[in-house]
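Enquirer: Using the UniProt record's numbering, the first residue of the sequence shown is number 1, and each one after it goes up by one.
Beta carbons are placed, not taken as given, at the ideal position from N, Cα and C, and that holds for glycine.
I'd like to ask you about the structure that follows.
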Amino acid sequence: MIQSMTGFGKHVVQLPSKKITIEIKSLNSKSLDLNARMPSAYREKELELRKTIANGLQRGKIDFNLYIESTGADTSSQINEAIVKQYMQQLKNIAEGDDVKLLEMALRLPDAMKTEREEIDAEEYKAIQNTLVEALKEINVFRTEEGAVLEQDFKQRITSLESLLQQVIAIDPDRQTALRERLEKAVSDLKTDIDENRFEQELIYYLEKYDITEEKVRLANHLSYFTTTINSADSNGKKLGFISQEIGREINTIGSKANYAPMQQLVVQMKDELEKIKEQMLNVL
Numbered sequence: 001m002i003q004s005m006t007g008f009g010k011h012v013v014q015l016p017s018k019k020i021t022i023e024i025k026s027l028n029s030k031s032l033d034l035n036a037r038m039p040s041a042y043r044e045k046e047l048e049l050r051k052t053i054a055n056g057l058q059r060g061k062i063d064f065n066l067y068i069e070s071t072g073a074d075t076s077s078q079i080n081e082a083i084v085k086q087y088m089q090q091l092k093n094i095a096e097g098d099d100v101k102l103l104e105m106a107l108r109l110p111d112a113m114k115t116e117r118e119e120i121d122a123e124e125y126k127a128i129q130n131t132l133v134e135a136l137k138e139i140n141v142f143r144t145e146e147g148a149v150l151e152q153d154f155k156q157r158i159t160s161l162e163s164l165l166q167q168v169i170a171i172d173p174d175r176q177t178a179l180r181e182r183l184e185k186a187v188s189d190l191k192t193d194i195d196e197n198r199f200e201q202e203l204i205y206y207l208e209k210y211d212i213t214e215e216k217v218r219l220a221n222h223l224s225y226f227t228t229t230i231n232s233a234d235s236n237g238k239k240l241g242f243i244s245q246e247i248g249r250e251i252n253t254i255g256s257k258a259n260y261a262p263m264q265q266l267v268v269q270m271k272d273e274l275e276k277i278k279e280q281m282l283n284v285l
């Protein structure tokens with residue numbers, strides 16, 4: 001089972017006087033890249049929340065947003081009268097306007113509102129932690145669903161690579177025959193006497209140089225290992241990426257040794273399938 005690194009989770013909890021909303025969005029990344037946004041009053045808890053997120057998501061470019069909305073009658077925010085009056089006076093010096101319009105503009109400027117710092121209530125923080133846990137569950141469900149789509153695509157492409165490999169194996173005897181005939185023709189065109197034994201030795205050396213038996217075996221093993229890994233219980237994006245690199249090496253070696261147009265055409269198709277796997281692999285956890 002694999003998981004995508006792309007996901008979104010959101011959970012909302014209503015307390016008697018506050019509404020807690022947590023949103024988490026993740027995209028692909030080689031490591032954990034967490035960007036947290038929260039009210040300044042809750043910054044002292046940021047490290048604990050980050051640790052919870054890191055344990056739940058492991059890897060990805062993650063945006064974490066914590067919103068606290070006061071829904072009760074009590075509020076700690078008050079108008080900073082001195083600052084607002086200074087803003088209004090400065091605005092009057094710049095442009096004409098009635099006091100109501102200037103007040104609206106002044107209230108939107110920095111520090112127009114002052115907030116008394118409150119201690120975080122233990123029950124409220126417990127609610128935040130629970131909300132975070134639920135949001136992580138939602139994003140992991142999203143990641144799993146996206147991962148299932150990726151897994152199906154990978155399996156189809158691995159099946160396609162296995163089919164192409166079987167075609168390579170099937171035409172390999174014809175390739176070797178063509179190579180031998182090509183060499184024999186090249187020698188005959190020289191119109192010179194040759195030592196048949198020496199020629200046979202050189203021919204065997206040349207054919208061994210272009211032999212792809214080991215590459216075919218290793219490629220088949222890598223494709224099988226990819227399938228085994230993708231069916232494991234954990235998401236192994238990095239491991240699958242390493243296996244993809246090994247698959248690529250064997251395909252490239254077959255292509256460089258082929259020296260036979262029908263086989264090189266199959267190699268091009270294999271490279272195309274593998275490239276699509278690598279593109280999608282960047283998004284696997």
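Select from Thr159, Gly60, Ala36, Arg59 the residue whose C-alpha is nearest the C-alpha of arginine 50.
Expert: For the purposes of this step, residue 50 is taken as residue 50 along the sequence shown, with counting starting at 1. For arginine 50, the nearest C-alpha among the options comes from Ala36.
Enquirer: Taking Cβ positions, are arginine 143 and serine 4 nearer each other than 7 Å?
Expert: Walking along the sequence shown from the start, residue 143 turns up at place 143. Walking along the sequence shown from the start, residue 4 turns up at place 4. Result yes, Cβ atoms of arginine 143 and serine 4 sit closer than 7 Å.
Enquirer: Among all the DSSP beta bridges, which residues are the ones paired with serine 244?
Expert: Position 244 of the sequence shown holds residue 244. Answer is none; serine 244 lacks a bridge partner.
Enquirer: Would serine 70 be called buried (16 or more neighbouring beta carbons within 10 Å of its own) or exposed?
Expert: The residue labelled residue 70 in the question sits at position 70 within the sequence shown. Serine 70 comes out exposed.
Enquirer: Going by DSSP, what residue range makes up the alpha helix (DSSP H) through asparagine 55?
Expert: Counting from one through the sequence shown, the residue named residue 55 turns up at place 55. Segment 46-57, the alpha helix (DSSP H) holding asparagine 55.
Enquirer: Whose C-beta lies closer than 7 Å to the C-beta of lysine 271 among residues of the same chain, with five residues either side of it excluded?
Expert: For the purposes of this step, residue 271 is taken as the residue at position 271 of the sequence shown. The answer, listed in chain order, is Ile251.
Enquirer: Once you ignore the five residues that flank leucine 91 on each side, which residues in its own chain have a CB closer than 8 Å to its CB?
Expert: What you label residue 91 is simply residue 91 of the sequence shown in a count that begins at 1. Result list for leucine 91: Gly97, Leu102, Met105, Ala106, in chain order.
Enquirer: Which residue comes first and which comes last in the alpha helix (DSSP H) that contains tyrosine 87?
Expert: In the sequence shown, counting from the first residue as 1, residue 87 sits at position 87. Note, tyrosine 87: alpha helix (DSSP H), 81-94.
Enquirer: Please name the residue, chosen from Glu214, Gln264, Lys45, that lies closest to isoleucine 120 on a Cα-to-Cα basis.
Expert: For the purposes of this step, residue 120 is taken as residue 120 along the sequence shown, with counting starting at 1. Isoleucine 120 has its Cα closest to that of Lys45, out of Glu214, Gln264, Lys45.
Enquirer: Tell whether a beta-carbon distance below 7 Å holds between methionine 88 and leucine 66.
Expert: Taking the sequence shown and counting its residues from 1, the one referred to as residue 88 is at position 88. Taking the sequence shown and counting its residues from 1, the one referred to as residue 66 is at position 66. Not in contact: methionine 88 and leucine 66 (Cβ atoms no closer than 7 Å).
Enquirer: Is the Cβ-Cβ distance between serine 256 and methionine 281 less than 7 Å?
Expert: Within the sequence shown, the letter at position 256 stands for residue 256. Within the sequence shown, the letter at position 281 stands for residue 281. No.
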